[in-house]
Structures are given as C-alpha cells and as structure tokens.
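Novice:
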Amino acid sequence: MRITQGCFSFLPDLDDAQITAQIEYILSRGWAVSLEFSDDPHPRNTYWDMWGHPMFDLRDAKGAMMELEDCRKAHPDAYIRVQAFDSTRGFETVMMSFIVNRPASEPGFAMHRSDYEGRSQKYGWSLSR
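Per this note's numbering, the very first residue in the sequence shown carries number 8; after that it's consecutive.
1) Quick one: measure Cβ to Cβ for ASP77 and TRP38, integer angstroms, because I've assumed they're closer than 8 angstroms.
2) For PHE15 and GLN128, what's the separation of their Cα atoms in angstroms?
3) If you measure between the beta carbons of ILE106 and TYR123, is that distance less than 8 angstroms?
4) If you measure between the beta carbons of SER45 and TRP58, is that distance less than 8 angstroms?
5) Could you say which of ILE26, LEU21, ALA24, ASN108 lies nearest to GLU43 if we only look at CA atoms?
6) DSSP three-state call for GLY70: helix, strand or coil?
7) Rounded to whole angstroms, what's the CA-CA distance from GLY97 to THR27? Just pull it up for me.
8) Could you pull out every unbroken beta strand (DSSP E) segment of at least 3 residues lying fully inside the stretch 75-123, listed in chain order?
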C-alpha cells in the first residue's frame, strides 16, 4: 500500500530534478525549507523527527538537496518529507509538504470499528506490512 500524504502524493515519486524544482519554487516564494523523517507515517503522527534545523536563510536549492542526500544516507528506510514554512506573519505556517523518500516496503493501515452501548462507536487502527 502506498502512503498518500502531502502534495503530489497521488503522483509517481519525484526524482531529484523534480524535487530541486519544487525547492526552487519554495525559495522563490520566500519560504523556509525543512526536512523531516519518520518510520511512522500514520496521518495522526504530525510530529516527525527534524533533520537539522529549518533552513531559513537558504537561497539555493543545492543546500537543501545536500541535506536531503545526507538524511537519505542516515535513514534509507524512513519516510522523508520536505516542508515549506512561511514566517511572514510572525509564526510558522506550513505552506507545502511532500514526501521525497519511502522505504522499500510500505506499511498499510486498517481501520477497526467497535460498537458500544447507546449506539456509540469507537475507532482504532492497526499497522500491516
């Protein structure tokens, strides 16, 4: 099962040239670039591990691509995503987010519903490989 989160999630994986083009677009808007990685891509897991610090002063996509390559080497079987932040309002707003690395075998998620008294229902999920 393919995890679909963020921009471009229903498209084939972006190659490095396409990732570079997206980072150039992010920088042209004046947004900061950040890299994050995780082995738990569940949609409710919004707190992925940061790779380094957000690149607020970055002006060239090559710097982000070098960091991405280092992150891929350190975490080859993790999900890695690029995030773009707009800080013009005085706080960080995620403007764009997309996955740039996936493990060879992606987990799937199964939703489970349990019925309780009073017609209430509870939902849970499980990870499947």
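Cβ coordinates follow ideal geometry from the N, Cα and C atoms, glycine included.
Specialist: The short version:
1) The pair is not a contact, with the Cβ atoms about 21 angstroms apart (cut-off 8 angstroms).
2) 33 angstroms
3) no
4) no
5) Looking at the Cα atoms, ASN108 is the closest of the given residues.
6) helix
7) C-alpha separation (whole angstroms): 27 angstroms.
8) 86-93, 100-108, 115-122
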